[in-house]
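Below is one structure, written out as structure tokens; comments come after it.
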Amino acid sequence: MTEATPHGGFWSQSWLVVLLSLAFGAALAAVEITLAPRIRENKRNATVSQIPELVPGAVREASRERVVGGATVLAAFDASGQQVGWVVPAAGQGFADRIELLIGLDATASTITGIYVLDQKETPGLGDFITVRERFRKYFEGQPTGAPLKVVKREVTAGSGEIRALTGATISSEAVTGIVNQRVHELASALAAAAAGSES
Amino acid sequence: MTMVAHPPDRVGPSAIVHVAPGPHLQDAAFTTRRMMADVLVGLAPVMAAAVAVFGWFAVMQVGICGLACLAAEYLFHTVMRRKPATLGDLSAVVTGAILGLSLPWSAPWYVGVIGSFAAIGFGKVVFGGLGMNLFNPAMVGRAFVMISFSVALGAGAFVLPDAPSVLSQATPLTVGKMTGEVTPLWPLFVGNVNGSLGETSAIACLLGGLWILVRRAGTWDAPLAIVGTVAVLSAGAQLAGIHPSLTVGHHLLGGSLLFGALFIATDPVTSPLTRSGRAVFGILIGLFVMVIRLFSGYPEGVMFAVLLANAMVPLINRWTVPTPLGGPVPGPVQKGGGA
Amino acid sequence: MTSQGPTAAERFLNGIIPENPTLRQLLGMCPTLAVTNGVKPALTMAGATAFVLICANVITSLMRKAIKPHLRILVFTLTIATFVTIADRFLQAFMPEMSKVLGPYVPLIIVNCIIICRCEVCAAKQSVGIAAADAVGVSLGFTLGLGAISVIREILGSGTLLGLRVLPQAWPNWGIQVLPPGAFLTLGLILGFVNWYSGRRAARA
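Chains as they are written, first to last, in this note's numbering: chain D, 3 to 202; chain G, 3 to 341; chain B, 192 to 396.
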């Protein structure tokens with residue numbers, strides 16, 4: 003390095019930046035290698051811990067990831083190894099922001115066995131009733147998947163294909179129902195296609 | 003806007019010329035107290051309609067808000083800021099009455115109290131007291147409790163199932179927006195519908211508003227601009243088929259549009275100084291009201307519309323500096339006067 | 192380089208109250224407004240920021256003689272970004288719930304002006320001991336600011352403190368305190384109080 007430029011040569015300028023980049027890069031790689039399995043496990047747990055709630059009879063240890071229709075879903079099994087249902091992640095636009103859901107279905111994807119709101123940022127005190135009000139989740143249990151669910155503003159009977167909108171949370175109620183309808187439809191057609199493919 | 007005589011100018015080479023927006027009338031009878039008393043008289047028919055429809059709920063709610071506003075004014079202004087007592091100018095009573103009349107009959111007592119303290123504290127005293135506030139104090143208080151206690155003030159709060167009277171019905175705008183039922187217009191006009199205490203009767207709002215305009219406690223420009231804008235936009239919405247059960251008549255007579263236009267948008271402190279400015283202000287309010295009513299999750303938007311337009315008042319004042327007699331002033335651009 | 196100006200102890204104390212980053216300097220407003228609707232997320236955020244601030248200040252101070260002046264911002268940012276990434280991954284691994292609540296605000300510590308301010312003002316010119324004391328003091332000041340706002344907001348907005356109920360069930364939660372407007376109002380009131388109090392003390396002195 004003998005150049006007499008005003009700031010000296012390239013290396014005399016940048017050796018610290020290069021050295022730091024290498025050192026910090028190595029440190030971050032070490033952190034990533036150490037922690038990545040744990041972080042993946044945490045994310046999986048958030049989904050898996052809900053399985054017994056969403057699919058009756060299922061045990062959380064006995065679940066396997068399957069790819070159906072290009073998306074990863076969880077197949078839920080009971081203690082004897084019999085498949086009892088599916089747990090399907092779904093997401094869509096709510097009143098304020100994205101709503102993330104888990105949908106529980108029976109083994110043939112013909113009946114909804116439960117829903118769980120993973121993440122939402124709806125208006126506290128109104129829209130967040132979709133998570134706070136237990137009865138809203140109950141409306142979905144036992145609903146048939148043959149036709150899209152409808153949101154109505156009156157008392158509903160179980161399994162009638164109707165969801166009662168929560169007062170003050172109509173838009174959030176409709177958003178959740180819409181997300182469920184869309185995702186269940188996708189999964190049912192993907193399962194039907196897969197079944198048709200395996201039989202032929 | 004207090005009508006205080008300007009301090010005598012110092013004379014001599016360093017004389018300061020006081021420049022203040024009009025009016026420069028110095029009439030001993032034209033005081034804040036008289037203006038506020040006129041507004042209260044104007045609110046009387048509205049109050050009467052509220053008592054006729056909601057009975058004791060109306061008296062309770064407005065009483066709580068009035069007393070709480072007086073208490074807040076005394077505490078914040080006189081005790082904490084050590085300023086001379088201002089309870090006598092009646093401005094706190096007006097704020098309390100407007101706030102109380104803008105609440106649902108069912109709101110619990112603490113809603114009125116907290117709303118009043120927020121109205122006087124955040125809406126007025128932090129800006130330096132009456133005349134310095136940017137936002138309409140009553141609407142600041144209402145927004146505070148609306149966001150805080152959304153369940154107690156949301157669309158569902160108005161409805162008391164099993165009640166024999168209008169209290170069992172959802173408010174007309176909610177009905178129109180959510181279920182598509184058409185409310186007849188005559189009850190909207192006389193006030194025999196559910197809603198916030200002061201908003202139900204169009205005829206009472208018109209009577210009271212007329213008094214305010216005749217007594218010049220408020221100006222007619224902003225109310226006219228609001229009503230005109232809403233009429234035009236709701237006619238457009240009706241033609242376009244957005245919420246077909248809400249006609250022009252519903253948009254004009256339903257909700258708190260007339261109450262807001264005549265009693266809230268006429269507040270001289272938080273509206274622009276010039277006639278053209280007030281017209282722009284009114285058009286903005288009408289626009290915001292219709293956007294919120296047609297496209298948002300809320301059935302009604304007068305409160306947010308007034309607050310949004312309030313925020314633009316300094317800018318409007320800047321745009322609408324009038325040309326003085328004798329032609330425009332040369333040199334650097336004049337700053338808009340801040341009320 | 193001779194260390195002039197305040198000693199380590201003075202810098203430590205300065206950061207807590209007289210030059211409190213939140214309440215006196217109004218730095219780091221983004222996390223102050225965004226994550227203070229509960230005490231727990233606020234303290235987690237303060238802890239993560241403290242970790243990054245102390246590490247960045249110490250490393251910067253160690254390197255201060257080697258840093259070329261015109262490349263210093265690059266070096267600061269590199270250092271800060273590294274420790275922010277480490278803090279973010281640790282939260283995701285060991286406090287997944289908190290990591291979810293804080294969301295993007297942990298990665299945003301990179302642009303927290305408190306940290307780059309301390310690197311520039313103090314660590315780039317002072318010895319390690321002074322830089323570390325300064326970082327700890329400012330971190331405590333930041334924790335104090337976030338803590339004060341979040342205590343008020345959590346009590347009024349949820350009736351709880353650190354998730355434990357402190358007000359009776361009948362307490363009507365002030366939804367505004369859970370939402371962004373509550374952050375602005377509470378911060379404004381606390382700033383007003385601090386200014387009023389310090390003005391009164393200055394008048395008496």
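Glycine residues also receive a C-beta, built at the ideal position from the N, C-alpha and C atoms. Computed from a prediction, not measured in an experiment: that's the story for all the values here.
Give a yes or no on whether the C-beta atoms belonging to G348/B and Q317/B are separated by under 7 Å.
In the third sequence, counting from the first residue as 1, residue 348/B sits at position 157. In the third sequence, counting from the first residue as 1, residue 317/B sits at position 126. No, Cβ-Cβ distance for G348/B and Q317/B is not below 7 Å.
In angstroms, rounded to a whole number, what distance separates the CA positions of G354/B and K231/B?
For the purposes of this step, residue 354/B is taken as the residue at position 163 of the third sequence. For the purposes of this step, residue 231/B is taken as the residue at position 40 of the third sequence. So the alpha carbons of these two residues sit roughly 8 Å apart.
Inspect the beta-carbon positions of A120/G and L101/G and report whether they are closer than 7 Å.
By 1-based counting over the second sequence, the position of residue 120/G is 118. By 1-based counting over the second sequence, the position of residue 101/G is 99. Going by C-beta atoms, A120/G is not nearer than 7 Å to L101/G.
Nearest-angstrom Cβ-Cβ length linking S152/G and S198/G, presumed shorter than 8 Å
Within the second sequence, numbered from 1, the residue matching residue 152/G stands at position 150. Within the second sequence, numbered from 1, the residue matching residue 198/G stands at position 196. Not confirmed; about 15 Å, so no contact.
Got a sec: does the ligand ZN put a non-hydrogen atom nearer than 6 Å to the Cβ of S290/B?
With respect to the ligand ZN, the structure offers nothing, as it holds no ligand at all.
Between the CA atoms of E75/G and V234/G - distance to the nearest angstrom:
What you label residue 234/G is simply residue 232 of the second sequence in a count that begins at 1. What you label residue 75/G is simply residue 73 of the second sequence in a count that begins at 1. Going by the C-alpha atoms only, they are around 40 Å apart.
Please classify A196/D: does DSSP put it in a helix, a strand, or coil?
In the first sequence, counting from the first residue as 1, residue 196/D sits at position 194. Looking at A196/D - three-state DSSP - the assignment turns out to be helix.
Determine the DSSP secondary structure at S198/G, reduced to helix, strand or coil.
As a working mapping, residue 198/G is identified with position 196 in the second sequence. DSSP places S198/G in strand when its eight states are reduced to three.
Residue interval of the alpha helix (DSSP H) (run including L37/D):
As a first step, residue 37/D is located in the first sequence; it is residue number 35 there, counting from the start. 12-50 is the extent of the alpha helix (DSSP H) around L37/D.
Residue(s) in a DSSP beta bridge with Q85/D
Start at 1 with the first residue of the first sequence, and residue 85/D comes out as number 83. Q85/D pairs with F79/D.
According to DSSP, residues forming a beta bridge with D108/D
Position 106 of the first sequence, counted from the start, is the residue given in the question as residue 108/D. DSSP lists G87/D as partners of D108/D.
Which value, in whole angstroms, describes the spacing of the CA atoms of W13/D and I271/B?
On the first sequence, position 11 is the one that residue 13/D refers to. On the third sequence, position 80 is the one that residue 271/B refers to. In a straight line, the C-alpha of W13/D is about 23 Å away from that of I271/B.
Which two residues bound the contiguous alpha helix (DSSP H) that contains G230/G?
Mapped onto the second sequence, residue 230/G falls at position 228. Run containing G230/G: 223-242, per the alpha helix (DSSP H) assignment.
G262/G and V315/G: beta carbons closer than 7 Å?
The count along the second sequence starts at 1 and reaches residue 262/G at position 260. The count along the second sequence starts at 1 and reaches residue 315/G at position 313. No, the pair does not count as a contact, with Cβ atoms beyond the cut-off.
In angstroms, rounded to a whole number, what distance separates the CA positions of V323/G and G279/G?
On the second sequence, residue 323/G is found 321 positions in, with the first residue counted as 1. On the second sequence, residue 279/G is found 277 positions in, with the first residue counted as 1. In a straight line, the C-alpha of V323/G is about 9 Å away from that of G279/G.
S349/B by DSSP, collapsed to three states: which one?
Your numbering for residue 349/B matches position 158 in the third sequence. Correct three-state label for S349/B: helix.
Measure the alpha-carbon distance for A241/B versus T334/B and round it to whole angstroms.
For the purposes of this step, residue 241/B is taken as the residue at position 50 of the third sequence. For the purposes of this step, residue 334/B is taken as the residue at position 143 of the third sequence. When rounded, the distance between both Cα atoms is 8 Å.
Nearest to G206/B by alpha carbon, out of P371/B, L380/B, R309/B, V342/B?
Here residue 206/B corresponds to residue number 15 of the third sequence, with the count starting at 1. Of the candidates P371/B, L380/B, R309/B, V342/B, the one whose C-alpha sits nearest the C-alpha of G206/B is R309/B.
What residue does the alpha helix (DSSP H) around V216/G start on, and which one ends it?
Numbered from its first residue, the second sequence carries residue 216/G at position 214. Where V216/G is concerned, the enclosing alpha helix (DSSP H) stretches over 204-216.
In three-state DSSP terms, what is L327/G?
Within the second sequence, the letter at position 325 stands for residue 327/G. L327/G: coil per DSSP, three-state reduction.
Within the 7 Å Cβ cut-off, does E5/D reach chain B?
Numbered from 1 along the first sequence, position 3 holds the residue referred to as residue 5/D. The predicted model places E5/D with a pLDDT of 48, which falls under 50 and marks its position as unreliable, so this point remains unresolved.
What residues of chain B sit near S152/G, judged by a beta carbon separation below 7 Å?
Indexing the second sequence from 1 puts residue 152/G at position 150. Chain B residues near S152/G: G366.
Check V19/G in the structure and name its three-state DSSP category.
As a first step, residue 19/G must be located in the second sequence, where it is residue number 17. V19/G falls in the coil class under three-state DSSP.
Quick check on DSSP: helix, strand or coil for G220/G?
For the purposes of this step, residue 220/G is taken as residue 218 along the second sequence, with counting starting at 1. G220/G: coil per DSSP, three-state reduction.
Cβ neighbours of L209/G in the same chain (closer than 6 Å, five flanking residues each side left out)
Position 207 of the second sequence holds residue 209/G. So the qualifying residues of the chain are P47.
What residues of chain G sit near L370/B, judged by a beta carbon separation below 8 Å?
Walking along the third sequence from the start, residue 370/B turns up at place 179. Within 8 Å Cβ-Cβ: I149.
Please go through the stretch 101-179 of chain G and give each complete alpha helix (DSSP H) segment of 4 or more residues, from N-terminal end onward.
111-123, 139-150, 152-155
Can you give the Cα-Cα distance for V6/G and E176/D, rounded to whole angstroms?
Sequence index remark: in the second sequence, residue 6/G carries index 4 (1-based). Sequence index remark: in the first sequence, residue 176/D carries index 174 (1-based). Low local confidence applies: a pLDDT of 48 at V6/G is under 50, so the model's placement there is unreliable, with the coordinate-based value given in what follows. If you take the alpha carbons of V6/G and E176/D, they lie about 56 Å apart.
Secondary structure, alpha helix (DSSP H): runs of 4+ residues fully inside the stretch 50-87 of chain G:
58-75
Tell me the rounded alpha-carbon separation between V192/G and V61/G.
Within the second sequence, the letter at position 190 stands for residue 192/G. Within the second sequence, the letter at position 59 stands for residue 61/G. Approximately 19 Å, taken between the alpha carbons.
Inter-residue spacing [alpha-carbon to alpha-carbon] between Y141/D and T179/D:
The residue labelled residue 141/D in the question sits at position 139 within the first sequence. The residue labelled residue 179/D in the question sits at position 177 within the first sequence. Rounded to the nearest angstrom, the two C-alpha atoms are 10 Å apart.
Could one say the Cβ of I306/B lies closer than 7 Å to chain D's Cβ atoms, at least one of them?
The residue given as residue 306/B occupies position 115 in the third sequence. So no, I306/B is outside the interface.
Contact with chain G by P363/B, beta-carbon distance below 7 Å
Position 172 of the third sequence, counted from the start, is the residue given in the question as residue 363/B. Yes, its Cβ sits closer than 7 Å to a Cβ of chain G.
Find the nearest neighbour of F97/D within the set S51/D, L56/D, E124/D, judged by alpha-carbon distance.
For the purposes of this step, residue 97/D is taken as the residue at position 95 of the first sequence. Measuring from the Cα of F97/D, the nearest candidate turns out to be E124/D.
Local Cβ density within 10 Å of S252/B, reported as buried at 16 or more and exposed below that
Within the third sequence, residue 252/B is the residue found at index 61, counting from 1. Label assigned to S252/B: buried.
For F12/D, would you say it is in contact with chain B, using Cβ-to-Cβ distances shorter than 7 Å as the test?
Looking up residue 12/D in the first sequence gives position 10. No, F12/D lies away from the interface with chain B (no Cβ there is under 7 Å from its Cβ).
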